[in-house]
Amino acid sequence: MATLNYDTLTVTAATQIQNEMRNETIIQARDFPVNIIAGADISFNKFSTTVYAGIILLQFPQLIPIGYSLVKKEVLFPYVPGYLAFREVPALLAAWENLQQRPDLLVVDGHGIAHPRRMGIAAHFGVVANTPTVGCAKKVLCGKYEEPPSEKGSNTPLVFKNEVVGAALRTKNAVKPVFVSPGYRMDVPGTVEIISQCVGRYRIPEPTRLAHNIVNRFRLGEVPEGFTLM
DNA sequence: GCGACAG
DNA sequence: ATCTTGTCGC
């Protein structure tokens, strides 16, 4: 697969790409088993163009880490709300291609179709890599929702322009919810079900939390670039 | 025009 | 996102 380069795009061109990619999105009930799930995330030093990308593989539903891929890359596209994919997908794709084993489902840090043009980073990555994805974000980008009951597991629909695009999911009692949405080859109920099964003892579900941990350690030089088996 | 705004 | 200090609660 040719390496993507989004660095010279204007936001107007990026918008056009999102509108075109939207026609390639597949939102449907999960029709495959999940034995290996993965988490993807990026870490970087403020004001630096170097980004540290990583994808960690875990056995499902045991949530035991089995390996991870780490890649360092230069990025020029800035962070612009609504265009996160153009900044992070190229590096994540590099990490994806270094994986020695592909997960059945990838959890991306950010939104799936809970996006102004239904093309959040998880949906974008899913289309480009042609692989099932879901998005798991800490904050809402667009849409409205009712606060879910305070009990762990409670969830309410995230609605944007009269359409249910995701859900606010309470992963711990009396703690702020996370926002999940399908990215590719998943639907909202299936996304809530899978992410609910990925919750350990923290607010952030294990795939995302462990991906964040490992890319951070990678950025700090505590772990080497490349694929590592655990 | 005004507020909101993933990471 | 990253960094930092301080507080609350199990």
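Count the first sequence with the numbering used here and you get residues 13 to 242, in order.
Just so you know, even glycine gets a beta-carbon here, dropped at the ideal spot from N, CA and C.
A52 and L222 have their C-alpha atoms spaced approximately 9 Å apart. A check of alpha carbon separations from Q71 across N167, A106, C210 identifies C210 as the nearest. Distance from the Cα of A103 is smallest, within the candidate group S208, P236, F89, for F89.
Considering only L153, C154, L170, the residue with the shortest C-alpha distance to P160 is L170. Counting along the chain, G138 sits inside the alpha helix (DSSP H) bounded by residues 133-141. Straight across, the Cα-Cα distance linking A135 with L21 is about 19 Å.
Going by DSSP, L222 is part of the alpha helix (DSSP H) stretching over 218-231. Counted as a single uninterrupted DSSP element, the beta strand (DSSP E) harbouring P77 occupies residues 77-86. M242 counts as exposed, since fewer than 16 other C-beta atoms from the protein chains shown sit within 10 angstroms of its C-beta. Taken through DSSP and simplified to helix, strand or coil, L111 comes out as coil. Burial is judged here by how many other beta carbons sit within 10 angstroms of a residue's own beta carbon; R213 has fewer than 16 and is exposed.
In the DSSP assignment, P201 falls within the alpha helix (DSSP H) that extends over 200-208. Between the C-alpha atoms of H127 and P236 there is a straight-line separation of about 34 Å. In the three-state reduction of the DSSP assignment, E175 falls in the strand class, which pools E and B.
Excluding the 5 residues flanking it on each side, E86 has same chain C-beta neighbours closer than 7 Å at T61, T62, in chain order.
For A25, the uninterrupted alpha helix (DSSP H) run begins and ends at 23-33, by DSSP.
With a cutoff of 8 Å on beta-carbon distance, V120 and G238 are scored as not near each other. Out of V204, M198, I125, the CA that lies nearest to the CA of S166 is found in V204.
Taking a contact as a CB-CB distance under 8 Å, the pair F44 and P144 counts as one, their CB atoms being some 7 Å apart.
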